[in-house]
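Residue numbers in the sequence shown follow our numbering, run continuously in steps of one, and reach 107 at the last position.
First the structure, in the form of structure tokens, and then the observations on it.
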Amino acid sequence: MSHDLPSPLYLTRRDAARNMARFYVLSLEETLFGEIALVRNWGRIGSAGQMQRQTFDGRGAAVTVYQRLLRVKQRKGYRASAA
């Protein structure tokens, strides 16, 4: 069963005065078991960073958490960027 899921989103936050160059990637993916996985990858630009995967039984809950995380990151100064 295929879900209409948002495209992966690549966010960056840069502040030269603080020597800060960070990235944050959010994506929703369907698992082999029909669940929806929210995959987060973050770290310093140029590094592999860290990854966390959280699974949900349905699309609604996963999209809600995806949107909440996006709002939080945007409030902290992250902006959409080309990967």
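Glycine is no exception: its CB is placed at the ideal position from the N, C-alpha and C atoms.
Note that this is a predicted model, so its numbers are computed, not measured.
Leucine 108 burial status per 10 Å Cβ neighbour count (16 or more: buried): No answer is possible for residue 108: the residues shown for the chain start at 25 and end at 107.
Report, in whole angstroms, the separation of the C-beta atoms of tyrosine 90 and proline 32, which I expect to be a contact under 8 Å. In the sequence shown, the residue the question calls residue 90 occupies position 66. In the sequence shown, the residue the question calls residue 32 occupies position 8. Incorrect: roughly 10 Å between the Cβ atoms, too far for contact.
Span separating the alpha-carbon of glutamine 76 from that of arginine 64: By 1-based counting over the sequence shown, the position of residue 76 is 52. By 1-based counting over the sequence shown, the position of residue 64 is 40. Distance between the alpha carbons of glutamine 76 and arginine 64: 5 Å.
With a threshold of 7 Å on Cβ separation, who are the neighbours of arginine 68 within its own chain once the five nearest residues in sequence on each side are excluded? Along the sequence shown, one-based indexing puts residue 68 at 44. Excluding positions up to five away in sequence, the list reads Ala45, Arg46.
Drop a sphere of 10 angstroms on the beta-carbon of methionine 25, count the other beta-carbons inside from all chains shown, and report buried for 16 or more, exposed for fewer. Within the sequence shown, residue 25 is the residue found at index 1, counting from 1. Low local confidence applies: a pLDDT of 46 at methionine 25 is under 50, so the model's placement there is unreliable, with the coordinate-based value given in what follows. Burial call: exposed.
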